[in-house]
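The listed protein sequences correspond, in order, to chains A and B. My numbering numbers the first residue of the first sequence as 34 and each following residue consecutively. My numbering numbers the first residue of the second sequence as 435 and each following residue consecutively. All C-beta atoms in this analysis are idealised placements derived from N, C-alpha and C, irrespective of residue type, glycine included. Okay, so here's the structure we're looking at.
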Amino acid sequence: DGGITQSPKYLFRKEGQNVTLSCEQNLNHDAMYWYRQDPGQGLRLIYYSQIVNDFQKGDIAEGYSVSREKKESFPLTVTSAQKNPTAFYLCATSGTGIFYGYTFGSGTRLTVV
Amino acid sequence: GEDVEQSLFLSVREGDSSVINCTYTDSSSTYLYWYKQEPGAGLQLLTYIFSNMDMKQDQRLTVLLNKKDKHLSLRIADTQTGDSAIYFCAERQGRKLIWGLGTSLAVNP
């Protein structure tokens, strides 16, 4: 089945550590996105990539980094510079289908301990 | 501005209809979407409508679009406890989706 796989589902980070969240897709979609979700704040865009080897900052990119070396993969690194990383992180893709909607992964919940 | 606005909470009784409202901003032709998010999960596309349509129906879901007022609504008929979730409205602007904050729907037995 085609889809998006985010891993791990739960992740715990100590203060000062970098952690990497995985997002893999087999939908053959060109565009990929990372969102952060906090209670009552909806979805906030961190980074997005519309093509391999290219990505752009979203609204809250500070303290995060990404890479897009393969079409299928768009990992997100939460660096120690991100002061409040505890949140639910969602990866999404978008193809060139007739309605240009997004397809979402199941999310990773990151907690700082 | 580019805000998409939704009310934050809605509570209904099981078996009643739910109506979730959204206002958007872009007056040009675009797609508008409704997504559902269950606790601890990703977002699932429920339905979409193109801005040249007034209504779209899909089983228990009815989407109404008032282009003059830039108002979008999602009606869920015969609401069930399994419909309890957060519902997001989104508007396509160019290659981006602009999201509302989500409406949390509580279904009471």
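| request: Indicate the three-state DSSP secondary structure (helix, strand or coil) for T515(B) in the structure shown. | output: Taking the second sequence and counting its residues from 1, one reaches residue 515(B) at position 81. T515(B): helix per DSSP, three-state reduction.
| message | What does the Cβ neighbour count give for S445(B), buried or exposed, with the cut at 16 atoms within 10 Å? | response | Along the second sequence, one-based indexing puts residue 445(B) at 11. By the neighbour-count rule (16 or more Cβ atoms within 10 Å), S445(B) is not buried but exposed.
| message | Contact defined as beta carbons within less than 8 Å: I believe E448(B) pairs with Q514(B). What is the distance between those atoms, to the nearest angstrom? | response | The residue labelled residue 448(B) in the question sits at position 14 within the second sequence. The residue labelled residue 514(B) in the question sits at position 80 within the second sequence. Their Cβ separation, rounded to whole angstroms, is 6 Å, which keeps E448(B) and Q514(B) in contact under 8 Å.
| query | Considering only residues of the same chain and omitting the five flanking positions on each side of R494(B), which have a CB-CB separation below 7 Å? | reply | The count along the second sequence starts at 1 and reaches residue 494(B) at position 60. For R494(B), where only same-chain residues beyond five positions count, the Cβ hits under 7 Å are I510, A511 and D512.
| field | Contacts of G536(B) in chain A (Cβ-Cβ under 7 Å) | value | Your numbering for residue 536(B) matches position 102 in the second sequence. In chain order: G75.
| field | Test: A475(B) CB closer than 8 Å to a CB of chain A | value | Looking up residue 475(B) in the second sequence gives position 41. Yes, because at least one Cβ of chain A sits closer than 8 Å to the Cβ of A475(B).
| query | Are the stretch 51-65 of chain A and the stretch 105-112 of chain A in contact at 8 Å, needing three or more beta carbon pairs? | reply | yes
| request: Please determine, among A125(A), H62(A) and P72(A), the residue with the shortest C-alpha to C-alpha distance to K104(A). | output: For the purposes of this step, residue 104(A) is taken as the residue at position 71 of the first sequence. When only C-alpha atoms are compared, the closest one is H62(A).
| said: Spatial neighbours of F88(A) within its chain, please: C-beta separation below 6 Å, excluding the five flanking residues on both sides. | reply: Here residue 88(A) is taken as the residue at index 55 of the first sequence, counted from 1. For F88(A), where only same-chain residues beyond five positions count, the Cβ hits under 6 Å are Y80, S82, V99 and R101.
| message | Can you list, in chain order, the residues of its chain with a C-beta nearer than 6 Å to that of D71(A)? Leave out the 5 residues immediately preceding and following it. | response | As a first step, residue 71(A) is located in the first sequence; it is residue number 38 there, counting from the start. Answer for D71(A): A120, listed in chain order.
| task | Would you mind working out which of F107(A), V146(A), Y43(A) and N117(A) sits nearest G96(A), comparing C-alpha positions? | result | Within the first sequence, the letter at position 63 stands for residue 96(A). For G96(A), the nearest C-alpha among the options comes from N117(A).
| said: Excluding the 5 residues flanking L44(A) on each side, which residues of the same chain have their C-beta closer than 8 Å to its C-beta? | reply: Position 11 of the first sequence, counted from the start, is the residue given in the question as residue 44(A). V52, L54, T141, R142, L143 and T144, listed in sequence order.
| Presumed contact (8 Å Cβ cut-off) between L539(B) and S518(B), rounded CB distance | Position 105 of the second sequence, counted from the first residue, corresponds to residue 539(B). Position 84 of the second sequence, counted from the first residue, corresponds to residue 518(B). That pair is a contact at about 6 Å.
| said: Taking CB distances under 8 Å as the criterion, tell me whether F107(A) reaches chain E. | reply: Of the chains in the structure shown, none is chain E; the protein chains are A and B.
| Coil, strand or helix - Q493(B) by DSSP | Here residue 493(B) is taken as the residue at index 59 of the second sequence, counted from 1. Three-state DSSP puts Q493(B) in coil, outside helix and strand.
| query | So, helix, strand or coil for A540(B), using DSSP? | reply | Reading the second sequence from its first residue, position 106 is the one you call residue 540(B). Strand, per DSSP.
| In chain order, what residues of the same chain lie with their CB nearer than 6 Å to the CB of Y467(B), ignoring the 5 residues before and after it? | Sequence index remark: in the second sequence, residue 467(B) carries index 33 (1-based). So the qualifying residues of the chain are Y482 and A524.
| message | Strictly below 7 Å CB to CB, what residues from chain B border F137(A)? | response | For the purposes of this step, residue 137(A) is taken as residue 104 along the first sequence, with counting starting at 1. Ordered by position in chain B, the residues that pass the 7 Å Cβ test against F137(A) are G476 and L477.
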